[in-house]
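Chemist:
2 protein chains.
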Amino acid sequence: METITIKDIAKALNLSTSTVSRALRNSYEINPETKKLVMEYAERMNYRPNPIALSLKDSKSKSIGVIIPEIANHFFSQLINGIESIAYNLGYHVVIFQSHDSYEREVANTNYLVSRRVDGLLVSLASLTTNLVHFQELMEKGLPIVFLDRVPNDIETHKVVADNFTGSYEATEHLILSGRKRIAHLTSPIYLSITTERLAGYKKALEDYGIPFDESYVKYCLYGGKIEAENEAAIEEMLSLPEPPDAIFTASDRLTTGCMSVFQRKGIRVPEEIAIVGFTNISVANLLNPPLTTVMQPAMEMGQQAVELLIRLIEHPQKDEKFETRSLKTALTIRASSVGKSVV
Amino acid sequence: METITIKDIAKALNLSTSTVSRALRNSYEINPETKKLVMEYAERMNYRPNPIALSLKDSKSKSIGVIIPEIANHFFSQLINGIESIAYNLGYHVVIFQSHDSYEREVANTNYLVSRRVDGLLVSLASLTTNLVHFQELMEKGLPIVFLDRVPNDIETHKVVADNFTGSYEATEHLILSGRKRIAHLTSPIYLSITTERLAGYKKALEDYGIPFDESYVKYCLYGGKIEAENEAAIEEMLSLPEPPDAIFTASDRLTTGCMSVFQRKGIRVPEEIAIVGFTNISVANLLNPPLTTVMQPAMEMGQQAVELLIRLIEHPQKDEKFETRSLKTALTIRASSVGKSVV
DNA sequence: TTTTTTTGTGCAATCGTTATCGGGAACGTT
DNA sequence: AACGTTCCCGATAACGATTGCACAAAAAAA
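So the protein sequences, as listed, match chains W and V.
Note that this note's numbering numbers the first sequence so that position 108 is 413, with each residue one more than the last.
Note that this note's numbering numbers the second sequence so that position 36 is 341, with each residue one more than the last.
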């Protein structure tokens with residue numbers, strides 16, 4: 306893997322490396338003829354500056370790190386597409402890491418990305434992360450970080466989230482207006498911002514329509530690893546309560562599909578016996594059996610806005626004193642899984 | 306972003322940088338006491354070697370580049386998970402880039418990854434790539450490359466693929482044995498290896514069961530961009546042939562869901578009017594309406610094997626003269642979308 | 001003609017790390 | 001006493017690119 310360097314050009318043209326460097330950057334102090342000579346030679350030899358050498362010199366890399374729980378998930382892969390589309394146009398590269406919802410891997414990825422001199426970080430927290438010092442230390446050292454979707458409460462920086470409260474409220478309200486009385490909520494671990502926000506929207510809707518909140522209808526589920534079976538067991542347990550729910554509002558892709566699997570396996574008819582609304586970005590929601598009512602998050606746009614904020618932070622470090630939290634509207638799409646009255 | 310360097314340690318401990326460097330690498334020529342001193346100080350100050358400096362020095366990065374068409378796709382995201390799981394254990398980092406099925410972006414990503422000194426490349430070709438010189442040049446310069454899934458014919462290196470021929474044969478055979486006579490095949494662009502292999506399996510099955518091959522039942526579809534609508538139009542066109550197919554065998558996630566969308570929109574009953582089998586890794590195949598018969602590729606395992614081959618190539622450059630092409634078994638899972646005789 | 005300015009180029013330091021070379025001290029061997 | 005080993009450690013040169021400074025030659029001003 307020999308690549309051509311500035312030194313090779315200098316030698317070939319009988320110039321010094323500094324002259325070559327300046328010629329390539331089109332500096333005013335270089336003779337136009339020399340410039341032309343250098344540029345043409347560089348072009349011909351397909352010279353590309355070594356970004357590693359530049360990173361070492363400047364402690365900059367023109368790249369941003371993204372840490373997300375997992376990529377095999379519609380929401381997050383759309384998020385990445387949004388991030389990449391903008392970053393690419395602004396000349397930044399995107400380096401993606403998965404935390405797999407593990408705190409340790411989140412920390413390891415963070416350290417690695419920092420040592421690789423990324424210019425900034427885009428983070429959606431792992432569901433098991435409660436300790437945030439690894440991010441706080443970096444921010445104190447001046448590394449720009451923008452959080453998105455799963456954001457921490459006690460770190461002051463830009464954040465981009467979906468309007469989880471309203472999304473959740475609308476989903477719950479829709480179930481109520483469809484005649485459901487016992488609405489369960491299957492959600493993510495309690496530490497996450499998305500969990501509390503969605504729970505609040507759910508509670509508020511119940512309250513507004515005079516339905517008492519029942520803790521036994523709420524289940525916080527873990528992510529990652531071999532938890533799927535456990536979650537499905539929890540679902541089945543809830544279904545065998547003395548007064549089983551007649552509707553279920555799930556907070557993620559995985560939980561939604563897990564639920565539907567349970568329903569299918571146990572022959573529970575949807576929406577006749579139970580309605581379901583998912584807070585999910587599954588792309589094939591309309592092809593499911595039955596077509597699934599969803600609260601969709603504007604994932605692509607969230608990614609775009611977050612990366613814009615981050616790059617602003619990177620390129621104008623001092624200017625930004627005010628941090629903003631952008632909350633983007635979700636979209637409730639009503640399909641067959643939640644319509645029609647419960648038969649119970 | 307000031308980080309502690311070997312120089313800082315040297316200054317603090319009144320040693321030279323070389324001594325510190327050697328002490329940290331536990332060299333035999335350093336006094337155990339000095340070693341201890343250095344190591345403890347480094348530990349206390351949370352010293353981490355700068356990987357950029359190392360990359361610059363060694364032209365190595367302990368990282369491998371992955372270029373795939375897109376990540377918002379079950380097959381490819383599973384592939385990545387397989388790659389990461391192995392790479393992580395072997396001390397390599399994984400840098401992911403999407404070609405979005407564009408030749409230009411594939412080339413751009415390749416160049417960037419190379420300039421970033423990745424130690425090797427894992428590639429699944431963009432569907433519009435016909436010119437392979439950007440890979441050939443790199444291989445001549447000694448950069449290890451392993452292809453997977455969408456592999457080139459005329460490059461000699463390790464390759465990992467699914468057994469597309471057999472997978473396709475079994476899918477077609479299954480449709481034939483279920484009583485289908487006019488089996489259409491919706492597939493990827495003709496340049497791709499997966500396309501020709503699957504087509505061959507499809508043809509062989511038809512031949513073995515005495516069904517004449519009809520070119521008008523085969524449609525090569527483009528990927529990427531705003532092609533979806535165009536593909537769906539092609540599907541509708543095929544459905545309005547004088548003798549429309551009574552079964553359809555689709556070659557990818559996108560084409561499969563596109564088909565099912567058309568069926569749903571036009572109220573075509575599956576499997577009564579038409580059967581469908583997808584060559585796809587959609588995770589919710591069993592939740593679709595109707596549950597979808599699929600040929601699943603062992604995506605995770607393909608990723609694992611490919612990265613193993615690549616790292617072997619990286620770490621033992623001379624030893625490998627024989628290149629192998631591993632072909633992994635697919636799994637046909639029969640569900641409702643393809644059972645029951647056609648009513649026609 | 002002499003002095004000053006401008007123009008074009010090279011030198012050397014820098015970023016963090018390691019490999020190469022070499023050297024001093026302490027010890028053992030003739 | 002003279003020499004060779006062994007043990008520790010330091011100075012230096014890379015890796016590729018940029019940049020402040022120096023400096024020569026040429027051009028302009030005196």
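All C-beta atoms, glycine included, are put in the ideal place defined by N, C-alpha and C.
1) Is Glu537(V) near the ligand HEM, in the sense that its beta carbon is under 8 Å from a heavy atom of that ligand?
2) Could you spell out where the alpha helix (DSSP H) holding Val267(W) opens and where it closes?
3) Run through the stretch 515-581 of chain W for me and flag every whole beta strand (DSSP E) of 3 or more residues, listed as ranges in chain order.
4) I'd like the list of long-range same chain contacts for Glu502(V), defined as Cβ closer than 6 Å, with 5 residues on each side in sequence excluded.
5) For Glu620(W), which residues from the same chain have a beta carbon less than 6 Å from its beta carbon, with the 5 sequence-adjacent residues on both sides left out?
6) At what residues does the beta strand (DSSP E) containing Met601(V) begin and finish?
7) Between His490(W) and Ile553(W), is the Cβ-Cβ spacing less than 9 Å?
8) Give, in chain order, every residue of the stretch 536-570 of chain V whose Cβ lies closer than 8 Å to some Cβ of chain W.
9) Just to confirm before moving on: does the CB-CB distance between Thr585(W) and Phe380(W) stay below 9 Å?
10) Please confirm whether Glu411(V) and Ala431(V) have their CB atoms less than 9 Å apart.
11) Relative to the C-alpha of Gln569(V), which candidate in Pro354(W), Ala590(W) and Thr561(W) has its C-alpha closest?
12) When you compare each of Ile385(W), Leu527(W) and Leu480(W) to Gln609(W) by their alpha carbons, which one comes out closest?
13) Could you spell out where the beta strand (DSSP E) holding Arg503(W) opens and where it closes?
14) Looking at the unbroken beta strand (DSSP E) that takes in Ala347(V), where does it start and where does it end?
15) Judging by CA-CA distance, which residue of Leu427(W), Gly387(W), Val423(W) and Glu375(W) is the nearest neighbour of Asp406(W)?
16) Strictly below 9 Å CB to CB, what residues from chain V border Glu445(W)?
17) Quick test of your reading: Leu592(V) and Asn331(W), contact by CB under 8 Å. State the CB separation rounded to the nearest angstrom.
18) Pick out whichever of Val371(V), Ser382(V) and Leu433(V) has its Cα sitting closest to the Cα of Leu418(V).
19) Is the number of C-beta pairs between the stretch 536-550 of chain V and the stretch 478-489 of chain V that are closer than 8 Å three or more?
20) Please decide whether Ser647(W) counts as near chain V, where near means a Cβ-Cβ distance under 9 Å.
21) Please list the residues of the stretch 379-397 of chain V that have a C-beta atom closer than 8 Å to any C-beta atom in chain W, keeping them in chain order.
22) Does Leu618(W) get closer than 9 Å to chain V when you measure Cβ to Cβ?
23) Taking the alpha-carbon positions, what's the Arg421(W) to Ala510(V) distance?
24) Given Val400(W), which residues of its chain have a CB within under 8 Å of its CB, disregarding the five upstream and five downstream residues?
25) What does Ile372(V) reach in chain W if we use C-beta pairs closer than 7 Å?
26) Report the residue ranges of all beta strand (DSSP E) runs contained in full by the stretch 389-445 of chain V; include only those spanning at least 3 residues, in chain order.
27) Verify the CB distance criterion: does Gln403(W) have a CB-CB separation below 9 Å to chain V?
28) Within 9 Å of any Cβ in chain W, is that where the Cβ of Val589(V) sits?
29) Could you round the C-beta distance between Ile270(W) and Asp558(W) to whole angstroms and report it? I think they count as a contact, below 8 Å.
30) Are Val428(V) and Thr630(V) touching if we call contact CB-CB under 9 Å?
31) Rounded to whole angstroms, what's the CA-CA distance from Leu318(W) to Val343(W)? Just pull it up for me.
32) Taking Cβ-Cβ distances below 9 Å as the criterion, which residues of the stretch 471-501 of chain W are in contact with chain V?
33) So, using beta-carbon positions, are Cys292(V) and Ser566(V) closer together than 9 Å?
34) Provide the residue(s) that pair with Val589(W) in DSSP beta bridges, ordered along the chain.
35) State the DSSP-derived secondary structure class of Gly447(W), mapped to helix, strand or coil.
36) Using a 10 Å radius around the Cβ and a threshold of 16 neighbouring Cβ atoms, would you call Lys278(W) buried or exposed?
Modeler: In short, the structure shows the following:
1) The ligand content of the structure shown is nil, which means the ligand HEM is not present either.
2) Beyond the ends of chain W as shown, which are 306 and 649, falls residue 267(W); an answer cannot be given.
3) 523-525 and 552-555
4) Asn469 and Phe470
5) none
6) It spans Thr598 to Met601 - the beta strand (DSSP E) in which Met601(V) sits, taken as one unbroken run.
7) yes
8) Thr562, Met565, Ser566 and Gln569
9) yes
10) yes
11) Ala590(W)
12) Ile385(W)
13) That residue, Arg503(W), is in no beta strand (DSSP E); its alpha helix (DSSP H) goes Ser498 to Asp513.
14) Ala347(V) -> not in any beta strand (DSSP E); alpha helix (DSSP H) instead, spanning Pro337 to Arg349.
15) Comparing C-alpha distances from Asp406(W) to each of Leu427(W), Gly387(W), Val423(W) and Glu375(W) shows the shortest one belongs to Glu375(W).
16) What Glu445(W) touches in chain V: nothing, since even the nearest Cβ is about 10 Å away.
17) That belief does not hold up - the Cβ atoms of Leu592(V) and Asn331(W) are roughly 58 Å apart, past 8 Å.
18) Nearest option by C-alpha distance: Val371(V).
19) yes
20) With a pLDDT of 45 at Ser647(W), under the threshold of 50, the modelled position of this residue cannot be trusted; read the value that follows with caution. Answer no: the Cβ-Cβ gap between Ser647(W) and chain V never drops below 9 Å.
21) His379, Ser382, Gln383, Ile385, Asn386 and Glu389
22) no
23) Distance between the alpha carbons of Arg421(W) and Ala510(V) is about 52 Å.
24) Ser368, Ile369, Gly370, Val371, Leu418, Arg421 and Val423
25) Under the 7 Å cutoff, chain W gives no residues; its nearest Cβ is about 13 Å from Ile372(V).
26) 398-403 and 425-428
27) yes
28) yes
29) Here chain W comprises residues numbered 306 to 649, so residue 270(W) is not present and cannot be evaluated.
30) no
31) Here the C-alpha atom of Leu318(W) lies approximately 8 Å from the C-alpha atom of Val343(W).
32) none
33) Examination of residue 292(V) is not possible in this model, given that chain V is present from 306 through 649 alone.
34) For Val589(W), which the question treats as bridged, DSSP gives no partner whatsoever.
35) DSSP places Gly447(W) outside both helix and strand once states are collapsed to three, so it counts as coil.
36) This structure cannot settle anything about residue 278(W), because the visible part of chain W is limited to 306 through 649.
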